[in-house]
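The sequence shown lines up with residues 1 to 244 when you count with full-length UniProt numbering. Positions of the beta carbon are idealized from the N, C-alpha and C atoms, including for glycine. Here is the structure we will look at.
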Amino acid sequence: MPSAIYPSLQGKRVVITGGGSGIGEGLVRAFAAQRAEVHFLDILDEAEALAAELGDTVHYHRCDLTDPAALAATLEAVGAVDVLVNNAANDDRHRLEDVTPEYWDERMNVNLRHLVLAARAVAPAMRRQGQGAIVNLGSISWHLGQPGMLLYETAKAGIEGLTRALASDLGSDGIRVNCVIPGNVKTPRQSRWYTPEDEAQIVAEQKLKLRIHPEHVAAMVLFLASDDAAACTAHNYWVDAGWL
Ligand SMILES: NC(=O)c1ccc[n+]([C@@H]2O[C@H](COP(=O)([O-])OP(=O)(O)OC[C@H]3O[C@@H](n4cnc5c(N)ncnc54)[C@H](O)[C@@H]3O)[C@@H](O)[C@H]2O)c1
1 MPSAIYPSLQ
11 GKRVVITGGG
21 SGIGEGLVRA
31 FAAQRAEVHF
41 LDILDEAEAL
51 AAELGDTVHY
61 HRCDLTDPAA
71 LAATLEAVGA
81 VDVLVNNAAN
91 DDRHRLEDVT
101 PEYWDERMNV
111 NLRHLVLAAR
121 AVAPAMRRQG
131 QGAIVNLGSI
141 SWHLGQPGML
151 LYETAKAGIE
161 GLTRALASDL
171 GSDGIRVNCV
181 IPGNVKTPRQ
191 SRWYTPEDEA
201 QIVAEQKLKL
211 RIHPEHVAAM
221 VLFLASDDAA
231 ACTAHNYWVD
241 AGWL
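If you want it as structure tokens, here you go:
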């Protein structure tokens, strides 16, 4: 768990997409420890237990982020949001030959479209408040040019463009938009793709010889969400232990 406490996050209403596992779960725990009011959106049954464990300031909303109507209804029910963390994604592997128009739409919907729709939904209240923070989760994958996830990497490259465009469109209303770019983070899902030997290889390639955990990413997201980052917008913040 990150050790810093940001007074400006206490009581803030924070929405985290995909907060049910992995980095998202780390974010939910980290914002809960700041005594923020946390709302996380996911499609996992296990997420109920996470919300119950963390108490009544943490709320789980079952919501398929690829369903625009469900996302809009969920965010309307949540109310005015101070911090949006666009975290959810899906890094299924695929080949160029697998890319049909339908598959393109599905991958973009799970990895890119909901970030824009969530931002659109929270922006009016942030504008009225004259402040707000949006943090998007990018990925080192396309910077490395990793094989086997063409559309995920395409979407993740788009998220960096989205970050700069949104920061530009929303900055005059006091809304900050940043992108956090993780390296390889140890999560349950990543063990599908990486053996212990692969993990050791990644650590060997990093400048820092440590395994990255969700709390390392959460530490950066907390800072960017807090008022301590008042002059930070439109940029990428890496948490990759110097892998790239
Ligand atoms: N773990 C890593 O090594 C790594 C590296 C680079 C970038 N990232 C990025 O960090 C973020 C979190 O990654 P992670 O590894 O924790 O991912 P993960 O796959 O472990 O977790 C993603 C969460 O999003 C949820 N989700 C997926 N599709 C959804 C949908 N349609 N509706 C609602 N919820 C949905 C999943 O249920 C899950 O809880 C992602 O944006 C990812 O691209 C992760």
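Next item on the list: Report the option in Glu-160, Ser-226, Glu-25 whose CA atom is closest to the CA atom of Arg-189.
Entry: Glu-25
Check: Among residues of its own chain, excluding the 5 on either side of Arg-107, which ones have a beta-carbon nearer than 6 Å to its beta-carbon?
Finding: Leu-151
Margin query: Beta-carbon within less than 7 Å of Leu-27's beta-carbon, same chain only, minus the 5 sequence neighbours each way: which residues are those?
Written below: Around Leu-27: Ile-16, Gly-19, Val-85, Asn-87, Ala-218, Val-221.
Checklist line | Minimum C-alpha distance to Arg-120 - residue among Trp-193, Ala-73, His-94, Gly-145 | finding: Ala-73
Next item on the list: Just grab the DSSP bridge partners of Asp-42 for me.
Entry: Beta-bridge pairing by DSSP links Asp-42 to Arg-62.
Notebook entry, point to check: Does the Cβ-Cβ distance between Leu-210 and Gly-242 come in under 7 Å?
Noted result: no
Checklist line | For Thr-233, the three-state DSSP class (helix, strand or coil) | finding: coil
Notebook entry, point to check: Are the CB atoms of Pro-68 and Leu-117 nearer to each other than 7 Å?
Noted result: Leu-117 sits close to Pro-68, with the two beta carbons spaced by under 7 Å.
Next item on the list: Return yes when at least one heavy atom of ligand 1 lies under 6 Å from the C-beta of Asp-82, else no.
Entry: no
Next item on the list: Counting only the same chain and skipping the five closest in sequence on each side, list residues whose C-beta sits under 8 Å from that of Thr-57.
Entry: Ala-32, Arg-35, Ala-36, Glu-37, Val-38
Next item on the list: Please list the segments of the beta strand (DSSP E) lying wholly inside the stretch 156 to 194, counting only runs of 3 or more residues, in order along the chain.
Entry: Complete beta strand (DSSP E) runs here, min 3: 175 to 182.
Margin query: Could you check if Asn-87 belongs to the surroundings of ligand 1, using beta carbon to heavy atom distance under 6 Å?
Written below: yes
Check: With 16 as the cutoff for other CB atoms within 10 Å, does Arg-95 come out buried or exposed?
Finding: exposed
Next item on the list: Give the secondary structure of Asn-87 by DSSP, where H, G and I count as helix, E and B as strand, and everything else as coil.
Entry: coil
Note to self: Starting from Thr-74, trace the alpha helix (DSSP H) in both directions and tell me its first and last residue.
What the structure shows: 68 to 78
Note to self: Can you list, in chain order, the residues of its chain with a C-beta nearer than 8 Å to that of Leu-244? Leave out the 5 residues immediately preceding and following it.
What the structure shows: Cβ neighbours of Leu-244 beyond the five flanking positions: Ile-140, His-143, Leu-144, Gly-183, Trp-238.
Next item on the list: Counting only the same chain and skipping the five closest in sequence on each side, list residues whose C-beta sits under 8 Å from that of Thr-187.
Entry: Ser-21, Gly-22, Ile-23, Pro-214
Next item on the list: Alpha carbon to alpha carbon, how far is His-114 from Pro-124? Give it in angstroms, no decimals.
Entry: 17 Å
Check: Below 7 Å between beta carbons: does that hold for Arg-93 and Gly-148?
Finding: yes
Check: Since Arg-13 sits in a beta bridge, which residues does DSSP pair it with?
Finding: Arg-13 is bridged to Glu-37.
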